[in-house]
Structures are given as structure tokens and as C-alpha cells.
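What follows is a set of notes on a single structure, which appears directly below.
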Amino acid sequence: MTPELLTIGMFGMLLVAILLGVSLSFALGGTAVVFGLLMFGPNGMFTIVSTMFGSMWSILLSAIPLFVFIGVALARSKIAEDLYQSFYLWSGRMPGGLLIGTSGFAATLSAMTGSCAASTVTTGLVGMPAMAQRGYDRRFVLGTIGASGTLGILIPPSITLILIGMQTGQSVGRLFMGGLAAGLLLLAMFMAYIAIRSRMRPELAPPAAQTAPMRERLKSLRAVILPLMVILSVLVSIFAGIATPTEAAAVGALAVVISVAIRGELTLAYMRKVSHDTAAMTGMVIWIVFGASAFVAVYGGGGGTRFMQSFLLGLEIEPWMMILLMQLITLVLGMFLDPVGIILLVLPIFFPIVMTLGYDPIWFCILFQLNLCIGYISPPFGYNLFYLKTLSPETPILEIYKAIFPFFFLMLATGAALFLFPELVTSFTAIPAR
Numbered sequence: 032m033t034p035e036l037l038t039i040g041m042f043g044m045l046l047v048a049i050l051l052g053v054s055l056s057f058a059l060g061g062t063a064v065v066f067g068l069l070m071f072g073p074n075g076m077f078t079i080v081s082t083m084f085g086s087m088w089s090i091l092l093s094a095i096p097l098f099v100f101i102g103v104a105l106a107r108s109k110i111a112e113d114l115y116q117s118f119y120l121w122s123g124r125m126p127g128g129l130l131i132g133t134s135g136f137a138a139t140l141s142a143m144t145g146s147c148a149a150s151t152v153t154t155g156l157v158g159m160p161a162m163a164q165r166g167y168d169r170r171f172v173l174g175t176i177g178a179s180g181t182l183g184i185l186i187p188p189s190i191t192l193i194l195i196g197m198q199t200g201q202s203v204g205r206l207f208m209g210g211l212a213a214g215l216l217l218l219a220m221f222m223a224y225i226a227i228r229s230r231m232r233p234e235l236a237p238p239a240a241q242t243a244p245m246r247e248r249l250k251s252l253r254a255v256i257l258p259l260m261v262i263l264s265v266l267v268s269i270f271a272g273i274a275t276p277t278e279a280a281a282v283g284a285l286a287v288v289i290s291v292a293i294r295g296e297l298t299l300a301y302m303r304k305v306s307h308d309t310a311a312m313t314g315m316v317i318w319i320v321f322g323a324s325a326f327v328a329v330y331g332g333g334g335g336t337r338f339m340q341s342f343l344l345g346l347e348i349e350p351w352m353m354i355l356l357m358q359l360i361t362l363v364l365g366m367f368l369d370p371v372g373i374i375l376l377v378l379p380i381f382f383p384i385v386m387t388l389g390y391d392p393i394w395f396c397i398l399f400q401l402n403l404c405i406g407y408i409s410p411p412f413g414y415n416l417f418y419l420k421t422l423s424p425e426t427p428i429l430e431i432y433k434a435i436f437p438f439f440f441l442m443l444a445t446g447a448a449l450f451l452f453p454e455l456v457t458s459f460t461a462i463p464a465r
């Protein structure tokens, strides 16, 4: 089978399986099995099994259930609600103050959970009733929550950044640094837009009638201490070179357990529920990893990876245009596929080209990750659009598209800034990290 026919066949079968509603992990694995048998006969099964076992031995994979545990444990406790109350009290009387606080809350939640779904849904469940009560425009609220929720896979600890590190061999610590820099820049863009638009049209996000007493606001800061301890226990230990990401994840998991115990919420029922949800979510991620590994092994064994690399390099376009083309492909795929699957499918093709062209690999990976974030809010099938529909079932999907539209362009503008000024990322990632 020629590489051209293999490419059409494997990706065509994968697309059909996804459209039929087959789980991504089984769509990837099933396609690998079918074409492995067609191309290599029974020996193709040995290739698939050996590749999957090779993936199992990756030490970085052990960080995934630990980071998932951190996110689930925090979501199941009342830490998030108390944290939002603190942002609520400090939002003050400025127009759009609570929306700005909501963006900050989503970013903080992202740094605790590393999950886009957890960040978006939790922010919506906690924040939407408070903003509806104060007369905030629903479209403005949905757009802010949907866009801010994408920070869950950009701000560390991010599971997808760990997988990118696995695929590329780059330092996860440096990827975390780059993700933090890009995430904070994106957060600043969101906050600036909210502040300017709220100042121009106060009726969209009216200020509070009165400011909470200083004593009450200072008292609410106690809710920030425990989440801050969790964040610092993970990030500082990685950035300071004290621990690897896996070790830092274990420290963070312990910090969460201590935090929940201090609050008196550490019960047997709580641990049973958290353990069950962690196992379910981890299983979903790991099976996608295994399915994608099998898919890439068969596709690469049939010469497909070399064919795609040769095809892209043979386009004879400027190097910067090649980078843009790869980012555009990533953005389009993000509208349809889970980020984990995209990372495992296309990075083996893209990354060697990036190294050949001589670009900074960490910078490229952060741009790649940012486009996965944009894909989360890109019509018609961005994941966060459906999370927003779940949070506000009475809102038509076209209204959600309109709500997210300004933030979509803000994210594109942030990506353009990172593309034109790589030092926005590289000046941070030059710091040694493990």
C-alpha cells in the first residue's frame, strides 16, 4: 500500500468512525488494527502491542492521574466556591468588576486543576448565578466564561503540556514556564477587553451598588491560602528544579488532601467519589494515548509519517509560512478532536519539520497549545461551546457563537503576538527547569 493511499485510508476511516460516534480511543485503535492487519498481517499486531507497552513505561504518564486527582479533589470540595466568593467581594464597584474577577478565578482554577472542562464548568456553576443576580448581560458572561475556561490546558499544571513533552522530548518544566507566560498574557488581554467594554457600556456589566466592608474582604482572603498552597507546591517545586513534574504532582496531590482535611471535608464518601472520578478520567486519557500510539505506529511503519513530512517540506514556501500552516491545521483539528488525540497524531509529523527549520521548539509547542485552546471555542464543534450550552440550556447555540466571537479574535491576536515576538515565551523558557 502506497503512503498516499495509506494516508487517505487511515484518516478517512478515523473520520468516519468519529462521525458515527465511536469513542476517539477506539476509533484510533480500531483503525490501527485494521490497517495493521492489511499491511503487515498478524505481525502488525505485535507492532501495536509493543508500541502500547512502550507507552506504558513512560514515567511522565504517572503524572497524569496525580494531576487529575488534584483537579477532581478540588472540584469536589467547597474550596472553589469560597475562592469565588473572595473574588466576588474584591470585585468592587467598577463596571465589569465581577467578570474580571471571574476571569481571574478561571485562571486560578486552571492552575489548580489543569483541565479545561473543570475550569469552564466550575466557573460557570459558581459564577453565573451571582452575575445574573447583578444584571450582567448573559452573552457577555457566557463569552467570558467560555474563553477563560480554555486557560485550563495552557496554564500549568496542564496534562496536555505533559503529553507534548512526552512526544517531543522537551523539558516539561520549560513547557510549563512557556504556558504560564502565554496564559497570563491571554488573561491580561481578556481582562483589558472586559474593562474597556464595560466602561463603554456599563449596562452590560453594572457595578455593585456598594462595596463590601474591608474587614469582610480581608476575612475572605483566607479562602485563597489553601489554593495558593496547592499551586505553589506544584509550580515552585518544578520551576526551582526541586522536583520533576511527576514528583511535583505527588506533592500537589498531598497538598490537596491536607487542604481538604483542614477544612473538615475529608470523609470516606468524599475519597471514594474522588477516587472513582479520577480513575474514570485517567482511563479516558490513557486509552486515547494508547489508541493514538497504535495509530501512529502503523501509520509511521507504512511510511505515512515520512510521506507527510516530505509533502510539507516539498511545498517550497517560506519557513514562517510553514509554521503558520501547521498552526492552522492544529486550529481546524481542534474544532473536531480532543487535544490529546491531536497532540499524539500530528506532533510526530510537525515537530521534526520545526527542528529542521531551526525554530525554537518550546516556542512552537506553546503556539501549538494556544491553537488547541482556540479550537475549544471555535464553531461549530469547539468543546467549550457545548459546555456553555450545558450551563445555559435555554440559550440558542447561535447566541453562544456570538458570545464567544470577540474572545476568539482576542486569542488569535495573542497568537499573532507570540508568533511575531517569540521572546514573549523564550525569555521565560530560557530559565533552567527540570
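Residue numbering for the sequence shown follows this note's numbering, starting at 32 and increasing by one per position. For every residue, glycine included, the Cβ atom is placed at its ideal position computed from N, Cα and C. All figures in this text were calculated on a predicted structure; none of them were measured in a lab.
Assign residue i to one of three DSSP states: helix, strand, or coil.
i       : result
Glu-454 : helix
Met-357 : helix
Pro-73  : coil
Trp-121 : helix
Tyr-414 : helix
Arg-253 : helix
Asp-369 : coil
Val-265 : helix
Glu-234 : helix
Trp-88  : coil
Gly-333 : coil
Ile-405 : helix
Ala-464 : In this predicted model, Ala-464 has a pLDDT of only 49, less than 50, meaning its place in the structure is not dependable; the value taken from the coordinates is given anyway. Ala-464: coil per DSSP, three-state reduction.
Gln-201 : coil
Thr-426 : coil
Arg-248 : helix
Pro-466 : Nothing about residue 466 can be reported from this structure: the residues present for the chain run from 32 to 465 only.
Pro-187 : coil
Ala-274 : coil
Thr-298 : coil
Leu-398 : helix
Gly-446 : helix
Met-13  : For the chain, the structure presents residues 32 to 465; residue 13 sits outside this window and is missing.
Lys-433 : helix
Gly-127 : coil
Just mark residue i as buried or exposed, buried being the case when its beta carbon has 16 or more other beta carbons within 10 Å.
i       : result
Gly-295 : exposed
Gln-477 : No information on residue 477 is available, as it lies outside the stretch 32 to 465 that the chain covers here.
Val-267 : exposed
Met-231 : exposed
Phe-452 : exposed
Phe-342 : exposed
Pro-424 : exposed
Met-352 : exposed
Leu-24  : Because residue 24 is not part of the residues shown, which for the chain are 32 to 465, the question remains open.
Leu-401 : buried
Phe-84  : exposed
Val-385 : buried
Met-87  : exposed
Met-339 : buried
Phe-77  : exposed
Leu-51  : exposed
Could you give the C-beta distance for residue i and residue j, rounded to a whole number, given that I count them as a contact under 8 Å?
i       : j       : result
Pro-370 : Leu-403 : 4 Å
Ala-63  : Ile-79  : 6 Å
Gly-406 : Leu-362 : 6 Å
Ile-319 : Leu-55  : 6 Å
Ser-202 : Gly-196 : 7 Å
Ile-435 : Leu-422 : Not quite, the Cβ-Cβ distance comes to about 13 Å (not below 8 Å), so this is no contact.
Ile-49  : Thr-277 : Rounded, the Cβ-Cβ distance is 31 Å, inconsistent with contact.
Gly-209 : Val-456 : 5 Å
Ala-111 : Val-157 : 6 Å
Tyr-330 : Leu-37  : 7 Å
Gly-204 : Phe-136 : Contact flag wrong, Cβ pair sits at about 26 Å.
Ala-471 : Val-261 : With the chain represented from 32 up to 465, any question about residue 471 goes unanswered, as that position is not in the structure.
Phe-395 : Ile-354 : 7 Å
Would residue i and residue j qualify as a contact pair, given that the criterion is a beta-carbon distance under 7 Å?
i       : j       : result
Pro-379 : Val-327 : yes
Leu-218 : Leu-206 : no
Gly-127 : Ile-408 : no
Ser-179 : Ser-108 : no
Val-103 : Asp-308 : yes
Tyr-167 : Ala-223 : no
Gly-334 : Met-70  : no
Gly-372 : Ala-323 : yes
Leu-173 : Ala-138 : no
Pro-175 : Leu-216 : According to the sequence as given, residue 175 is Thr; it is not Pro. No, the Cβ-Cβ distance between Thr-175 and Leu-216 is not below 7 Å.
Val-287 : Ile-95  : no
Ile-184 : Gly-214 : no
Leu-68  : Gly-60  : no
Hey, would you say the C-beta of residue i is under 6 Å away from at least one heavy atom of the ligand FMN?
i       : result
Met-222 : Ligands are entirely absent from the displayed structure, and the ligand FMN is therefore not among its contents.
Segments of 3+ residues assigned as beta strand (DSSP E) that fall wholly inside the stretch 300 to 349: none
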